[in-house]
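If you read the sequences in order, they're chains L and Y.
Residue numbers for the first sequence follow the working numbering, beginning at 306 and rising by one.
Residue numbers for the second sequence follow the working numbering, beginning at 306 and rising by one.
Number of protein chains: 2
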Amino acid sequence: MKRSVVVLLSGGLDSATCLWWARARGLRLHALSLRYGQRHSKELDSARALAKAAGAELHEVDLRLPWLKTSSLVDGAKALPDVPLSRIGKGGVPSTYVPGRNTMFVALGLSLADAVGAEAVVVGANALDYSGYPDCRPEFYKAFGRVARLGTKRGDAGRRLDVVAPLVRLDKAAIARLARRLGVPIGLTWSCYAGTRRPCGRCDSCKLRAKGFAEAGFADPAL
Amino acid sequence: MKRSVVVLLSGGLDSATCLWWARARGLRLHALSLRYGQRHSKELDSARALAKAAGAELHEVDLRLPWLKTSSLVDGAKALPDVPLSRIGKGGVPSTYVPGRNTMFVALGLSLADAVGAEAVVVGANALDYSGYPDCRPEFYKAFGRVARLGTKRGDAGRRLDVVAPLVRLDKAAIARLARRLGVPIGLTWSCYAGTRRPCGRCDSCKLRAKGFAEAGFADPAL
Numbered sequence: 306m307k308r309s310v311v312v313l314l315s316g317g318l319d320s321a322t323c324l325w326w327a328r329a330r331g332l333r334l335h336a337l338s339l340r341y342g343q344r345h346s347k348e349l350d351s352a353r354a355l356a357k358a359a360g361a362e363l364h365e366v367d368l369r370l371p372w373l374k375t376s377s378l379v380d381g382a383k384a385l386p387d388v389p390l391s392r393i394g395k396g397g398v399p400s401t402y403v404p405g406r407n408t409m410f411v412a413l414g415l416s417l418a419d420a421v422g423a424e425a426v427v428v429g430a431n432a433l434d435y436s437g438y439p440d441c442r443p444e445f446y447k448a449f450g451r452v453a454r455l456g457t458k459r460g461d462a463g464r465r466l467d468v469v470a471p472l473v474r475l476d477k478a479a480i481a482r483l484a485r486r487l488g489v490p491i492g493l494t495w496s497c498y499a500g501t502r503r504p505c506g507r508c509d510s511c512k513l514r515a516k517g518f519a520e521a522g523f524a525d526p527a528l
Numbered sequence: 306m307k308r309s310v311v312v313l314l315s316g317g318l319d320s321a322t323c324l325w326w327a328r329a330r331g332l333r334l335h336a337l338s339l340r341y342g343q344r345h346s347k348e349l350d351s352a353r354a355l356a357k358a359a360g361a362e363l364h365e366v367d368l369r370l371p372w373l374k375t376s377s378l379v380d381g382a383k384a385l386p387d388v389p390l391s392r393i394g395k396g397g398v399p400s401t402y403v404p405g406r407n408t409m410f411v412a413l414g415l416s417l418a419d420a421v422g423a424e425a426v427v428v429g430a431n432a433l434d435y436s437g438y439p440d441c442r443p444e445f446y447k448a449f450g451r452v453a454r455l456g457t458k459r460g461d462a463g464r465r466l467d468v469v470a471p472l473v474r475l476d477k478a479a480i481a482r483l484a485r486r487l488g489v490p491i492g493l494t495w496s497c498y499a500g501t502r503r504p505c506g507r508c509d510s511c512k513l514r515a516k517g518f519a520e521a522g523f524a525d526p527a528l
């Protein structure tokens, strides 16, 4: 049987790059997309288009958790942060933090991996994110690898089941360059926190992405 | 503010004992109940009745994951194991294993704890379970504690967030005794894997529970 992996696919640039990173390794692809009450469905539409373009099997999960309303990424009545680029990630955990989101996302990925026989869960967390979000730290994913090996049927049988974050040491410019090299259809990705017709340009995610492409030295195909 | 915990409440004897264990400590109780497509809703009804009796705030989550159909606890068309008591837990991971269930359950509990400001997620895993289920091992919960501290806003702020398995070294007789001492309304709990009107008496869970009460030396109030 062909080796397979589960890629956590949000529809943004980072997770899309992970999907093509795994694709380049000739692995069979399971993409997992999570609907947890985001302000908009643009990134989920992107996840669908990306999974199709990559030839991945898409698994969409609905997770309605009323307590996530504490996050401005879920509660549309809350204002999204709009701070200067130099201040992003400096003010502690931002209001866009969704309690335990990546913990749940990885856990769901491990469940899927254990059911379909995949050898890893691949996540797009990276250096930029973990300046603000605790659940994007390298140590967090390392600790989760231990959970994966101890708590699954695969791990119990001595078979491989890792939690892999291939972008974890990269900044956004390096990710943009890698995405281009891997042939990611960057125009299909969606990073903006707002649900406007075009990326808003004002949220943290838009600002960091724009800076990344500027440093990488080429235009963002999604704009 | 009163200290609070999240108790993962399946509706069985073990999780009910955890709920009363936390209650005896004077903690504010959040109970988390997970509907993941179980063969029957008896244990969910029990969870509701138990949360009410304990004065806990109940959070019910719906998690529909098509890939869980690999488990005989989810796919009603699959036969439940019916093996002699002496063979339970000896044949490797049983067909009732739900891929990554406890991993997802703890992850959801951590999300809730991070949102409501609870200092621990309490799970009823115990010595009997981890003879068969990998996601009931003491080491698994220890590793998850590290994930909790690294990957949450609470942990990031240096505040306490533990994954606690108070029954992890106890067998079913010791749990039955503890339940009685704590005043758990044992008659409200439901452990049977089948959805019959009365506990089936033939599934692993019924057999282990019967053995536990026999060893504890008193009658099971649920029968």
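Built from N, CA and C at the ideal position, the CB exists for glycine as well.
- Separation of P399(Y) and K447(L) (C-alpha to C-alpha, rounded to the nearest whole angstrom) is 28 Å.
- In terms of beta-carbon proximity, Y402(Y) lines the interface with chain L, with at least one pair separated by less than 8 Å.
- Note: H345(L) is not bridge-paired with any residue in the DSSP secondary-structure output.
- DSSP, reduced to helix, strand and coil, places V452(Y) within a helical segment of the structure shown.
- In the structure shown, L370(Y) falls within a coil segment according to DSSP collapsed to helix, strand and coil.
- Below 8 Å, too few C-beta pairs join the region 343-360 of chain Y and the region 455-470 of chain Y to call them touching: fewer than three.
- Bounds of the alpha helix (DSSP H) holding D461(L) are K458 to D461.
- In the structure shown, the three-state DSSP call for A412(Y) is helix.
- Distance from V489(L) to W325(L) at the Cβ level is roughly 5 Å; contact confirmed, criterion being Cβ atoms closer than 8 Å.
- Close CB contacts of T375(L) within its chain, under the 7 Å cut and outside five residues either way in sequence, are with P404 (chain order).
- DSSP places D525(Y) outside both helix and strand once states are collapsed to three, so it counts as coil.
- Rounded to the nearest angstrom, the gap between the Cα atoms of Y438(Y) and A481(Y) is 20 Å.
- In the three-state reduction of the DSSP assignment, D350(L) falls in the helix class, which pools H, G and I.
- S510(L) sits in a helix when the DSSP states are folded into three classes.
- The Cβ atoms of V312(Y) and Y341(Y) lie no closer than 8 Å to each other.
- For a Cβ distance threshold of 9 Å, residue set L370, W372, L373, V403, P404, G405, R406, T408 and M409 of chain Y lies close to S416(L), ordered along the chain.
- In this structure L472(L) is in contact with G429(L), their Cβ atoms being roughly 6 Å apart against a cut-off of 8 Å.
- Beta-bridge analysis with DSSP links D467(L) to A425(L).
- Looking at the DSSP output, A336(Y) bridges to V312(Y) and L363(Y).
- In the structure shown, G492(L) falls within a helical segment according to DSSP collapsed to helix, strand and coil.
- DSSP, reduced to helix, strand and coil, places T375(L) within a helical segment of the structure shown.
- Here the region 448-458 of chain Y makes no contact with the region 509-528 of chain L; the two share fewer than three CB pairs at distances below 8 Å.
- Nearest in C-alpha terms to A432(L), of all of A425(L), G422(L) and E444(L), is E444(L).
- Taking the CA atoms as reference points, R330(Y) sits about 26 Å from T408(Y).
- Residue environment analysis places G506(Y) among the exposed positions, since fewer than 16 neighbouring C-beta atoms fall within 10 angstroms of its C-beta.
- Residues of the region 444-464 of chain Y with a C-beta less than 7 Å from any C-beta of chain L: E444, F445, A448, F449, R451, V452, L455, G456, T457, K458, G460 and D461, listed in chain order.
- Using a CB distance cut-off of 8 Å, V366(Y) counts as an interface residue toward chain L.
- The C-beta of D387(Y) has fewer than 16 other C-beta atoms within 10 Å across all chains shown, which makes the residue exposed.
- For S351(Y), the closest alpha carbon among the candidates L493(Y), Y498(Y), R485(Y) and F410(Y) is that of L493(Y).
- Shown here, N431(Y) sits in coil according to DSSP, grouped into three states, outside any helix or strand.
- Neighbours of V398(Y) across chain L, judged by C-beta separation under 7 Å: K458 and D461.
- Around the Cβ of L417(Y), a 10 Å sphere holds 16 or more other Cβ atoms; the residue is buried.
- Annotated as proximal: K477(L) and L513(L), with beta-carbon spacing under 8 Å.
- Take A327(L), set aside five residues on each side of it, and the residues of its chain with a beta-carbon closer than 7 Å to its own are V310, V312, L334 and V427, in chain order.
- Annotation: the continuous alpha helix (DSSP H) that includes D319(L) extends over L318 to A329.
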